[in-house]
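What follows is a set of notes on a single structure, which appears directly below.
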Amino acid sequence: LKSTTFPPYDPWYAGGYINYYYYGFVYVGALTKLLALTPTLAYNLILPMLFSFTGLGVFGLAYNLVEIRDWGLEIEDDPQQSPISNPQSPNLPISQSPNRRAIAAGLTASALAVLLGNLGEVGVVINAWYRAGDATLGTTPLIGPLLQLLQGGFRILGGQPAPIYPGDWFWTASRAINAYQGEAQPITEFPFFTFLYGDL
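Read in the numbering used here, the sequence shown has 199 at position 160, and its numbers run on one by one without any break.
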């Protein structure tokens, strides 16, 4: 909000600049100035707004994709319902009951988009199970790594502390794609990471 030129000031690093993606800050900053809100109020309104807009947008997309597919299947069953066969009613038929499949698809898509992320933590858990197992089991050809993984899983479930670094629970998922040596690692942040840390 205080920036007069690009790149803008970094809100998380005093005196620093954001020299990478900052479109989200520009978008919400313009909205904040347009509505003449104080930055503290705007920030606390913008995060839940973006969360809900993302969830609603994904819900609507998934719902409509399933709804239009189901309507297409109904036309295949009865070609007389087609807008080509019946030009007087080109609109979708109005149903009295909600399409449960479409609602389930919308809710699932919303949860996947705004809550679950890219499931990078699944790899963290599998790696921890593997490291908790006996390394000598892993040397057996073909089945050895699987035995080591299962043994480590049973040890962790039995109470042994998992060999997971404290930062792996959240940071590993934001850098899920490995880079070649000498290249910058791609950032694989996802909506939940953004909502959790307020990184617009």
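Ideal Cβ positions, reconstructed from N, Cα and C, are used throughout, including at glycine.
Everything numeric in this text was worked out from a predicted model, so none of it was measured.
- Rounded to whole angstroms, the gap between the alpha carbons of A201 and W168 is 7 Å.
- Within the same chain, Q224 and P225 come within 7 Å of A218 by CB-CB distance, once the 5 residues on both sides are set aside.
- In this structure, G159 keeps its C-beta atom at 7 Å or more from the C-beta atom of A81.
- In this model, T179 and G162 are separated by some 22 Å (Cα to Cα).
- Within the model, the alpha-carbon separation for S213 versus T227 is close to 5 Å.
- Taking T211 as reference, the option from Q187, V65, Y66 and N157 with the minimal CA-CA separation is N157.
- When secondary structure is reduced to three states using DSSP, Y66 falls in the helix class.
- A direct Cα-Cα distance of roughly 28 Å separates Y52 from F92.
- By the C-beta criterion, the stretch 94-108 is judged to be in contact with the stretch 135-150, since at least 3 inter-stretch pairs fall below 8 Å.
- Spanning the alpha carbons of L40 and G183 requires a straight line of approximately 57 Å.
- In the DSSP annotation of this structure, the continuous segment of the alpha helix (DSSP H) that includes I165 starts and ends at G159 to A171.
- Judged by their CB atoms, A75 and V105 are not nearer to each other than the 7 Å cut-off.
- DSSP places Y56 within a strand segment (E or B) once states are collapsed to three.
- The beta carbon of Y56 lies closer than 8 Å to those of P46, P47, Y48 and D49 in the same chain, with the five residues before and after it left out.
- Counting other Cβ atoms within 10 Å of its Cβ, A174 stays below 16 and is therefore classed as exposed.
- Excluding the 5 residues flanking it on each side, I85 has same chain C-beta neighbours closer than 6 Å at V67, in chain order.
- According to the DSSP assignment, L189 belongs to the alpha helix (DSSP H) that extends over G183 to L196.
- Pairing P78 with V153 gives a Cβ-Cβ distance that is not under 7 Å.
- The three-state reading of DSSP puts Y48 in strand, counting E and B together.
- Here the alpha carbon of P205 sits roughly 20 Å from the alpha carbon of G172.
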